[in-house]
Amino acid sequence: MAKKEVNEMSFLDHLEELRWHLIRSVVAILIAATVAFLMKSFIFDTLIFGPSKTDFLTYDILCKASQLLGFDSFCSTDFDFEIQSRTMAGQFSAHIWTAITFGFIIAFPYVIYQLWKFISPGLHSNERKHSRGFIIISSLLFFIGVLFGYYIICPLSINFLGTYSVAEKVHNDFDLNSYIGLIRASVLASGLIFELPIIIYFLTKIGLVTPEILRKYRKFALVGVLILSAIITPPDIASQVIVAIPIIILYQVSIYISKIVIRNQKRREKQHV
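At position 76 of the sequence shown the residue is numbered 153 (the numbering used here), and the sequence of numbers has no breaks.
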């Protein structure tokens with residue numbers, strides 16, 4: 078019955094339905110952003126500026142990890158830079174956008190839920206049944222990616238860029254928005270990259286991707302991963318290896334997920350014959 082109702086909906090009805098799902102998502106983000114805005118001390122002193130402190134947890138772990146790889150990186154973190162705001166509304170603007178970013182991260186499961194509510198009526202009942210864990214899995218992957226970006230990519234970038242100098246007379250004084258932008262980009266990019274298995278799942282469902290295609294272009298994907306690692310991390314080998322490993326694992330997991338989807342589709346086709 079639900080399938081029939083969906084089919085009878087016009088294009089404008091679908092747009093209206095999408096609009097309400099987007100409105101609910103935006104409201105949830107704004108509510109979470111308001112909470113984050115009121116937690117200014119914790120958000121900035123503990124979280125935002127945490128990776129800029131020499132006693133940040135990750136640096137000791139990265140030092141030991143790099144030594145296992147035969148390098149000696151991240152073992153001497155001496156940050157001699159200052160973070161400044163050079164515009165009248167700089168700090169307030171940074172506060173607002175940081176709160177919105179945290180609002181999106183906190184409300185992500187609800188945003189995914191709204192997305193699922195929009196697309197699920199168009200699926201068959203057995204497809205909805207096998208996709209019940211979509212919200213939990215996608216949210217879990219996103220949060221793991223956010224943590225990876227915060228605890229790995231942010232320290233890697235700050236450790237390199239914060240200590241890099243072209244000459245002794247040039248002192249590093251970073252703009253507040255530039256520093257927060259690095260944190261924001263690292264965290265959100267990692268969260269979205271970790272959604273790769275979910276993306277491959279849906280691309281396989283609609284027939285755009287198969288396990289054979291993923292295996293065929295695995296070498297190209299590996300090159301792409303290394304390029305991506307070079308873009309989002311400083312240009313040192315240890316950093317790129319540390320970032321590339323989980324992305325390669327995600328790609329392999331995506332191949333396995335695509336294989337399962339194809340197998341289930343073939344099984345259902347045999348049952349209908």
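Positions of the beta carbon are idealized from the N, C-alpha and C atoms, including for glycine.
#### Entry: Through-space distance from residue 89 to residue 300, alpha-carbon basis
For the purposes of this step, residue 300 is taken as the residue at position 223 of the sequence shown. For the purposes of this step, residue 89 is taken as the residue at position 12 of the sequence shown. About 43 Å.
### Query
Alpha carbon to alpha carbon, what distance is there between residue 328 and residue 192?
One-based indexing of the sequence shown puts residue 192 at position 115. One-based indexing of the sequence shown puts residue 328 at position 251. C-alpha separation (whole angstroms): 24 Å.
### Message
Which of the three DSSP states is assigned to residue 137 in this structure?
### Response
For the purposes of this step, residue 137 is taken as the residue at position 60 of the sequence shown. Looking at residue 137 - three-state DSSP - the assignment turns out to be helix.
### Task
Excluding the 5 residues preceding and the 5 following residue 302 in the sequence, name in chain order all residues of the same chain whose CB lies nearer than 8 Å to its CB.
Locating residue 302 in the sequence shown gives position 225, where the first residue counts as 1. Correct list, in chain order: 321, 324, 325 and 328.
### Three-pair Cβ contact test at 8 Å for the stretch 219-234 versus the stretch 258-277
yes
### Task
Can you grab the Cα-Cα spacing for the pair residue 158 / residue 304, in whole Å?
Along the sequence shown, one-based indexing puts residue 158 at 81. Along the sequence shown, one-based indexing puts residue 304 at 227. Taking the straight line from one Cα to the other gives about 28 Å.
### Task
Classify residue 169 as buried or exposed, calling it buried when 16 or more other Cβ atoms lie within 10 Å of its own Cβ.
By one-based count along the sequence shown, residue 169 stands at place 92. That one is exposed.
### Message
Nearer than 8 Å: is that true of the beta carbon of residue 183 relative to any heavy atom of the ligand SAM?
### Response
This structure simply doesn't include the ligand SAM, nor any ligand for that matter.
#### Entry: residue 240 versus residue 260: straight-line alpha-carbon distance, rounded
Your numbering for residue 240 matches position 163 in the sequence shown. Your numbering for residue 260 matches position 183 in the sequence shown. If I take the Cα positions, the gap works out to 17 Å.
### Inter-residue Cα distance where the pair is residue 244 and residue 125
The sequence position of residue 244 within the sequence shown is 167, counting from 1. The sequence position of residue 125 within the sequence shown is 48, counting from 1. Using only the alpha carbons, I get a separation of about 28 Å.
### Message
I'd like the span of the alpha helix (DSSP H) that includes residue 289, first residue to last.
### Response
Numbered from 1 along the sequence shown, position 212 holds the residue referred to as residue 289. It spans 288-293 - the alpha helix (DSSP H) in which residue 289 sits, taken as one unbroken run.
### Query
Just reading off the beta strand (DSSP E) that residue 160 is part of, what are its end residues?
The residue given as residue 160 occupies position 83 in the sequence shown. That run of the beta strand (DSSP E) goes 159-161.
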